[in-house]
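Residue numbers (this note's numbering): 484 to 542. Heads up, the beta-carbon is just placed ideally off N, CA and C, and yes, glycines get one too. Just so we're clear, the structure is a prediction, and the values are computed from it rather than from any experiment. Accompanying notes for the structure given below.
Shown next as structure tokens:
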């Protein structure tokens with residue numbers, strides 16, 4: 484489960500960086516949501532990683 488959390492965490496970081504370097508004059512309205520989606524993925528990855536780490540220390 485730790486690996487899944489790390490992968491989701493890295494995906495969130497990659498998505499946030501990609502959204503900042505994307506073309507701002509795009510006609511799509513979803514471009515403005517991109518940093519928030521990346522932040523949500525980043526938080527989800529962090530929570531799943533720390534929950535898995537806590538479970539490993541309890542055993």
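Rounded to whole angstroms, what's the CA-CA distance from residue i to residue j? Just pull it up for me.
| i | j | result |
| --- | --- | --- |
| residue 498 | residue 526 | 12 Å |
| residue 538 | residue 531 | 11 Å |
| residue 489 | residue 500 | 17 Å |
DSSP on residue i, reduced to helix/strand/coil?
| i | result |
| --- | --- |
| residue 502 | helix |
Assuming contact is defined by CB atoms lying nearer than 8 Å, are residue i and residue j in contact in what I supplied?
| i | j | result |
| --- | --- | --- |
| residue 528 | residue 491 | yes |
| residue 485 | residue 535 | yes |
Take residue i and list the residues in its own chain whose beta-carbon comes closer than 7 Å to its own, dropping the five residues that flank it on each side.
| i | result |
| --- | --- |
| residue 487 | 531 |
For residue i, which residues from the same chain have a beta carbon less than 6 Å from its beta carbon, with the 5 sequence-adjacent residues on both sides left out?
| i | result |
| --- | --- |
| residue 502 | 517, 518, 521 |
| residue 495 | 521, 524, 525, 528 |
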